[in-house]
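Everything on this sheet refers to the single structure shown next.
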Amino acid sequence: MVDFPYPYRPGQRGLVGFINRTIRQRGCAVVEAGTGVGKTITSLCGTVGYARDHGMKVLYLTRTKSQQKQVIRESAAIGDGILCVGVQGRSASSCPLMRDDPELSSGTSEEISKLCSEYKRKGDDGCHCPYYSAIESTDIGSWVERVRRDHPEPEDFSKLCEDSGLCPYEMVKYVLPEADVIAVPYPFVFMPQVLDRFIQWLGVPLSKTIIVVDEAHNLPDYLREVQTCECSMRAMELAEKEAGDNGDPEVHDGMTVTDVIAVTKEVLSLAVREYLIDDDGMLPPYFLQEELMSRLGLTSNGLSKVFKAMEEIGDGIAERKKQRRKLPRSYIMSMSRFMQAWVLGDEDLYVRLVVGEYNPKFQSYCLDPSGASGPLNECHASVHMSGTLEPLDAYAIEMGIERPSFLRLGGMFPPENLLKLYSDEVTMNYEERYTEPNYGILRRLIVDSVSAVNVNTAVFFPSYQFMERMVSEGIVDELGRDIYFEEKGMGQSDLMETVENFSMAEGGVLFCITGGRISEGIDFPADSLEMAVVVGVPFPKPTAKLRALHRYYDIRFGDGRRFISTIPATRKLRQAMGRVIRSETDRGVVVILDRRISSLGGLDSILCRDIPVAVKSFFSNDG
Ligand code: SF4
695 MVDFPYPYRP
705 GQRGLVGFIN
715 RTIRQRGCAV
725 VEAGTGVGKT
735 ITSLCGTVGY
745 ARDHGMKVLY
755 LTRTKSQQKQ
765 VIRESAAIGD
775 GILCVGVQGR
785 SASSCPLMRD
795 DPELSSGTSE
805 EISKLCSEYK
815 RKGDDGCHCP
825 YYSAIESTDI
835 GSWVERVRRD
845 HPEPEDFSKL
855 CEDSGLCPYE
865 MVKYVLPEAD
875 VIAVPYPFVF
885 MPQVLDRFIQ
895 WLGVPLSKTI
905 IVVDEAHNLP
915 DYLREVQTCE
925 CSMRAMELAE
935 KEAGDNGDPE
945 VHDGMTVTDV
955 IAVTKEVLSL
965 AVREYLIDDD
975 GMLPPYFLQE
985 ELMSRLGLTS
995 NGLSKVFKAM
1005 EEIGDGIAER
1015 KKQRRKLPRS
1025 YIMSMSRFMQ
1035 AWVLGDEDLY
1045 VRLVVGEYNP
1055 KFQSYCLDPS
1065 GASGPLNECH
1075 ASVHMSGTLE
1085 PLDAYAIEMG
1095 IERPSFLRLG
1105 GMFPPENLLK
1115 LYSDEVTMNY
1125 EERYTEPNYG
1135 ILRRLIVDSV
1145 SAVNVNTAVF
1155 FPSYQFMERM
1165 VSEGIVDELG
1175 RDIYFEEKGM
1185 GQSDLMETVE
1195 NFSMAEGGVL
1205 FCITGGRISE
1215 GIDFPADSLE
1225 MAVVVGVPFP
1235 KPTAKLRALH
1245 RYYDIRFGDG
1255 RRFISTIPAT
1265 RKLRQAMGRV
1275 IRSETDRGVV
1285 VILDRRISSL
1295 GGLDSILCRD
1305 IPVAVKSFFS
1315 NDG
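The sequence shown begins at 695 in my numbering and counts up one residue at a time.
Listed below in structure tokens is the structure:
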């Protein structure tokens, strides 16, 4: 094993040993480790030495750029010549030839990859990308040693390459075969078409990798999303226009592409009228296929041929765009692929939905995350870490992980530093949340809790809609404090600026969303956040999708409510609560406004009928 680069804190030596023993046995370490345990450094120290000794690589899966940087920094701290490289998802912004073209900024990784291959293709006048052709005369060995020595973060590596006239994306591929640790986003492992290419670049098969999943509590939802596909009314309109611009080709006996799209739009409108209730609606089995067959006068075989023909037409359009160095996108191709996936998706594993009102869409939603978790069983071993992964056995079952070993480590910080209170005067139950007197009491409790002390406080609302309603009814004036907002669709830099301004404020109030980016991924050290008011236990909304999930988990595991409602709500709540205490000297209060908290075990919150008094008392005692 490599040496641990810091003095061990309680629990760390044991955790490194546990991970190391598990990977030696080709197992899967499933670990809940609270704040301060040092998840990145312990998982690296438990895996890297073994990987190097056995010609393997550690694939460290991250969801954010800051987690990726942390992996590179901790690998550098271990030293010992470890080569760690960060690979980022493909986009136009990572290509010096494409980044200034606004049309390309929305390109998917697949589209950018196709366009890149057109630039790299050698014509009579040579390769059209100077950043690619310059690699041929580059001393790759010296670049590898430079990365090993300097541990550049991805942005720094890109800049170094571009300053030398080299393509950063291609240069990373040359470093990968030499790397011990590779920090990559989830899609590199869980999207089959990306994984195939990535494995070729690594130079070792998947069975020679050890996968570490950071923030693993996100993985089940992510894997469901990866397998879900959808097609919106807007996307159909774009496909219709594209067909018109390209001569509206025939796909079957006098039937053109726009004929098929027009009928599909009619069927979507019918689905909205007949089945949509609030957010979504479940469609009967074969609804879309049967409606299309009947309206277009086709058999199921005929319908499949029409989709195939549309895919070929779309493919041709994308190819012609690529040759003109335009974004190789075809809405006809996307729509036909969606239709084929919709028809082929297993009725037991996918629920067919109509979703949304303003830009409605068909959605084939995958119920089972384990369908995409195969790489976790094909690799040599894996490590799954999170501060909120409990119950660990449920995680392993849901993900279909083989040979799991479990370890729970509490936080490193004194539990008495965090006071957890809850009120049973209110509920955020969907039927009652806006009814009186519940809503009025809730509003008063928020104002009274925040106003009890002048410390930096985050109010976690259950949704933007709920937050906006409270704001439109004057809660900001009532609080009389500086308010900072997490806004819907906020860019990363705006979000970080808001968080920074709030952190530097004295007595600032941050309005944010439970389960949003602030509640999951942001650190608030010292007194930059001393109190959190969580408005409601974040049980999921009872939509058609949720009911389908519930039924599926009932059938598979005998307890849909536990998997679909109780566990996710508890994890989200613990994530939000965990923002308050980030070091051994932090002290703070969490107030939960929802009597349903009593139905969740293990959160140790205290029923309190006078929250302002309890909060004042806690802060007047400086510990
Ligand atoms: S090789 Fe690199 S620089 Fe050239 S087009 Fe592809 S991504 Fe862009």
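Cβ coordinates follow ideal geometry from the N, Cα and C atoms, glycine included.
Where the beta strand (DSSP E) containing Ser1080 begins and where it ends = Unbroken beta strand (DSSP E) run through Ser1080: Ala1075 to Ser1080.
query = Between Gln983 and Pro1085, what straight-line distance do the alpha-carbon atoms span, to the nearest angstrom?
reply = Near 40 Å, if we compare the C-alpha coordinates of Pro1085 and Gln983.
query = Which word fits Lys1016, buried or exposed, when buried means at least 16 other C-beta atoms lie within 10 angstroms of its C-beta?
reply = It counts as buried.
query = Which value, in whole angstroms, describes the spacing of the CA atoms of Gly1317 and Gly705?
reply = Any reading at Gly1317 must be qualified, since the residue scores a pLDDT of 49, below 50, and its modelled position is unreliable; no value is offered.
query = Taking the runs of the beta strand (DSSP E) that are 3 residues or longer, which of them lie wholly in the segment 873 to 932?
reply = 875 to 879, 903 to 907 and 923 to 926, all fully within the segment 873 to 932.
ask   = Which ranges does the alpha helix (DSSP H) cover as unbroken runs of at least 4 residues, wholly within the segment 1236 to 1282, from first to last along the chain?
value = You should have 1238 to 1251 and 1261 to 1271.
task = Have a look at Ser1187 and Val1193 and give me their C-alpha separation to the nearest angstrom.
result = Between Ser1187 and Val1193, the C-alpha separation is close to 10 Å.
request  = Output the residue ranges of the alpha helix (DSSP H) runs that lie fully inside the segment 966 to 1017 and measure 4 residues or longer, sorted by chain position.
outcome  = As far as the segment 966 to 1017 is concerned, its whole alpha helix (DSSP H) runs of at least 4 residues are 981 to 990 and 994 to 1017.
inquiry  = Let me check one thing: in DSSP terms, what residues is Ala723 bridge-paired to?
reply    = In the DSSP assignment, Ala723 forms a beta bridge with Val1077 and Ser1099.
task = Tell me where the beta strand (DSSP E) around Lys853 begins and ends.
result = If you look at Lys853, you'll find it isn't in any beta strand (DSSP E); it sits in the alpha helix (DSSP H) that goes Pro848 to Asp857.
inquiry  = Contact defined as beta carbons within less than 8 Å: I believe Tyr825 pairs with Pro790. What is the distance between those atoms, to the nearest angstrom?
reply    = Sure, about 6 Å apart at Cβ, within 8 Å.
ask   = Straight-line CA distance for Asn1111 to Val1274?
value = Near 10 Å, if we compare the C-alpha coordinates of Val1274 and Asn1111.
ask   = How big is the Cα-Cα spacing for Val765 and Cys739?
value = When only Cα atoms are considered, Val765 and Cys739 end up about 11 Å apart.
key: Option nearest Ser1117 by Cα separation, candidates Asp795, Asp908 and Val1229   = Here the closest residue by C-alpha is Val1229.
inquiry  = For a test of the three-state rule: what should DSSP assign to Val696, helix, strand or coil?
reply    = Coil, per DSSP.
ask   = Nearest to Gly708 by alpha carbon, out of Asp857, Ser1222, Pro879 and Leu1101?
value = Ranking the options by Cα distance to Gly708, first place goes to Leu1101.
request  = State yes or no: is the C-beta of Leu674 nearer than 6 Å to some heavy atom of the ligand SF4?
outcome  = The structure shown has nothing for residue 674, since the chain only spans 695 to 1317.
inquiry  = Just to confirm the assignment, what range does the alpha helix (DSSP H) spanning Gly1209 have?
reply    = Per DSSP, Gly1209 belongs to no alpha helix (DSSP H) and is neither H nor E.
ask   = Rounded to whole angstroms, how far is the Cβ of Asp1280 from the Cβ of Ala1238, which I believe are closer than 8 Å?
value = At roughly 42 Å, the Cβ-Cβ gap does not stay under 8 Å, so Asp1280 and Ala1238 are not in contact.
query = What is the DSSP secondary structure of Ser1318, reduced to helix, strand or coil?
reply = The question about residue 1318 has no answer, for the chain in this structure spans 695 to 1317.
Glu1341: CB within 6 Å of a non-hydrogen atom of the ligand SF4 = Missing from the structure shown is residue 1341; the chain here goes from 695 to 1317 and no further.
request  = Return the first residue and the last residue of the alpha helix (DSSP H) that Cys810 is part of.
outcome  = Run containing Cys810: Ser803 to Lys814, per the alpha helix (DSSP H) assignment.
key: Identified DSSP bridge partners for His946   = In DSSP, His946 forms a bridge with Met949.
request  = Run the proximity test for Tyr825: is its beta-carbon closer than 6 Å to any non-hydrogen atom belonging to the ligand SF4?
outcome  = Checking every heavy atom of the ligand SF4 against the Cβ of Tyr825, one is found closer than 6 Å.
ask   = Would you say Asp947 reaches chain D, if we count a Cβ-Cβ gap shorter than 7 Å as a contact?
value = Judged by its chain identifiers, the structure shown contains no chain D, having just a single protein chain.
request  = Using 6 Å as the cut-off, classify the Cβ of Cys810 as near or not near the heavy atoms of the ligand SF4, replying yes or no.
outcome  = Answer for Cys810: yes, Cβ within range of the ligand SF4.
ask   = Is it the case that the Cβ atoms of Gly1201 and Asn1132 are separated by a distance below 7 Å?
value = No, Cβ-Cβ distance for Gly1201 and Asn1132 is not below 7 Å.
Phe1218 burial status per 10 Å Cβ neighbour count (16 or more: buried) = With 16 or more other Cβ atoms within 10 Å, it is buried.
message = Pop quiz: Val731 and Leu1103 are said to be a contact at Cβ under 8 Å. What is the actual Cβ separation, rounded to whole angstroms?
response = A Cβ-Cβ separation of about 6 Å places Val731 in contact with Leu1103 under the 8 Å criterion.
ask   = How do the segment 797 to 806 and the segment 781 to 788 stand: do at least 3 beta-carbon pairs fall below 8 Å, yes or no?
value = Contact between the segment 797 to 806 and the segment 781 to 788 is present, because at least three Cβ pairs lie under 8 Å.
ask   = Out of Gly1134, Leu798 and Ser1030, which has the shortest C-alpha to C-alpha gap to Cys810?
value = Cys810 has its Cα closest to that of Leu798, out of Gly1134, Leu798 and Ser1030.
ask   = Is any heavy atom of the ligand SF4 found at a distance shorter than 6 Å from the C-beta of Tyr813?
value = Result yes, Cβ under 6 Å from the ligand SF4.
ask   = Nearest-angstrom Cα distance between Glu726 and Tyr1247?
value = Rounded to the nearest angstrom, the gap between the Cα atoms of Glu726 and Tyr1247 is 23 Å.
Ala1152 beta carbon less than 7 Å from that of Thr1208 = Not in contact: Thr1208 and Ala1152 (Cβ atoms no closer than 7 Å).
inquiry  = Once DSSP output is grouped into helix, strand and coil, what is the label at Tyr1089?
reply    = Note: Tyr1089 maps to helix in three-state DSSP.
ask   = For Cys855, which residues of its own chain have a beta-carbon under 6 Å away from its beta-carbon, when the five flanking residues on both sides are left out?
value = Once the five neighbours on either side are set aside, the close Cβ partners of Cys855 are Pro862 and Met865.
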